[in-house]
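Residues in the sequence shown are numbered consecutively from 414, following our numbering.
Notes to accompany the following structure.
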Amino acid sequence: MAATQTLRLGRRTLARTGSFTWRSGYKTMANPRDQLGLPIPAGSWDSHVHVVGDEARYPLHPSHPYRPKPASLASLQTFNTNLHSNITHPVIVSLSVYANDNRCLLDALSDLKTQSAIARGVVGIDPHTIPDSELFQMHELGVRGVRLNLKSSLVELSKPEFEKILYRYADRLKPLKTWALQIHLSLPQVALISDIIPKLGVTTIIDHLAVPSAKQPAKAQDGYKDFMRLLSRGEVYTKLSGMDRFPTLPLLDEYATEIVALAPDKIVWASDWPHTGGVGMNPGGDRNKVQDFRAVDDATMLRKAVEVYCKGDEGVVKKIWRDNARELWDYHGEE
């Protein structure tokens, strides 16, 4: 982010003129089972969502890989409330279409903070150029992580190149103490970095159950044993999310259930709303045409996560939807 944007961020922190509108807000129902009859605890977190602003105010990066429809903060709040009213804390994650321009995300966090809502953000940065002062300003708005996208890169990286990148990001996060490095990568890529992660000295998250290929069971893929080892040792977090990205994965339910049983203290749940399509859904292959969001039955996905992957265990659900997220996202206050 350029210096002029840093100054704008500073002014925004002190005196914001709203870009999003807080409409519905988050309200917690007294009935913990809510509309779906699921034991989602009050104060639960949705640990991976996105917002997409008006392009006139929040232009996409010139090299954006796709063009999503707008997805406002108000729409996010409505989605969470309608899915289950006890899901009241969003974690807004940067989108690749913005590259390292976090203005849309930060404005959403600022609006949430103005209304005394508890939310968090995970931003995209250039670890070589961003000043510490900007990182600390982001911290004040609720940012607690940086996302590193290794999966969508068009460049094949060697293990030494992966290592160099990871250490550079980790070095920038250490002064912030409570920030996490969130890595988006494929299951085979885990094999390349599994021995590096424990040495980074920062909390590390692997997105979306490590996004296995749908071509064969996860157990048959490179990186599977490495991922399980990291989880069993408590060396990474992962997100119980993104299963709609690989719905035809053979033995998908067994894979997700195994991960929950192996590391219930290192998993957070996320919806991945609003379900952007990525490059594969560009209309006619044209990245400049606006694409629809993927059609996902979120209520069914939520029910399966609770009843199948967590086997309906309310103690495990409490960890994955609330307690683990509070720890990971550095929130220790009252609900």
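No residue lacks a Cβ here, since even glycine has one placed at the ideal position from N, Cα and C.
In this structure, what does DSSP give as the bridge partners for Leu594?
-> For Leu594, which the question treats as bridged, DSSP gives the partners Val559, Thr617.
Are there 16 or more other CB atoms within 10 angstroms of the CB of His502, so buried, or fewer, so exposed?
-> Its Cβ being crowded by 16 or more others within 10 Å, His502 is buried.
Minimum Cβ-Cβ distance from Thr616 to chain B less than 8 angstroms = Of the protein chains in the structure, only one exists, and it is not chain B.
Does the distance from the C-beta atom of His461 to that of Lys652 stay below 8 angstroms?
-> In this structure, Lys652 lies closer than 8 angstroms to His461 by Cβ.
Take Ala738 and list the residues in its own chain whose beta-carbon comes closer than 6 angstroms to its own, dropping the five residues that flank it on each side.
-> The beta carbon of Ala738 sits closer than 6 angstroms to those of Trp458, Ser460, Val681, all from its chain and outside the five residues before and after it, given in chain order.
Indicate the three-state DSSP secondary structure (helix, strand or coil) for Trp734 in the structure shown.
-> Helix, per DSSP.
Would Arg646 be called buried (16 or more neighbouring beta carbons within 10 Å of its own) or exposed?
-> That one is exposed.
Tell me where the beta strand (DSSP E) around Ser460 begins and ends.
-> It spans 457 to 462 - the beta strand (DSSP E) in which Ser460 sits, taken as one unbroken run.
If you scan the segment 499 to 586 from start to end, which runs of the beta strand (DSSP E) of 3 or more residues do you find wholly inside it?
-> Counting whole runs of 3 or more residues, the segment 499 to 586 contains the beta strand (DSSP E) stretches 500 to 506, 533 to 536, 556 to 562.
Can you list the beta strand (DSSP E) stretches of 3 or more residues lying completely in the segment 618 to 657, in chain order?
-> 650 to 653, all fully within the segment 618 to 657.
Quick one: any contact between the segment 703 to 714 and the segment 468 to 482, if contact means 3 or more CB pairs under 8 angstroms?
-> Taking one beta carbon from each stretch, the segment 703 to 714 and the segment 468 to 482 have 3 or more pairs nearer than 8 angstroms; the two touch.
Distance, Ala512 Cα to Ala623 Cα | Spanning the two alpha carbons is a distance of roughly 21 angstroms.
Any idea what DSSP makes of Val481, helix, strand or coil?
-> In the sequence as displayed, the identity of residue 481 is Pro instead of Val. Here Pro481 sits in strand by DSSP.
Helix, strand or coil for Val703, going by three-state DSSP, please let me know.
-> Val703 falls in the strand class under three-state DSSP.
What is the rounded straight-line gap between the Cα of Leu764 and the Cα of Gly655?
-> Here the chain covers residues 414 to 748 and nothing more, so residue 764 does not appear.
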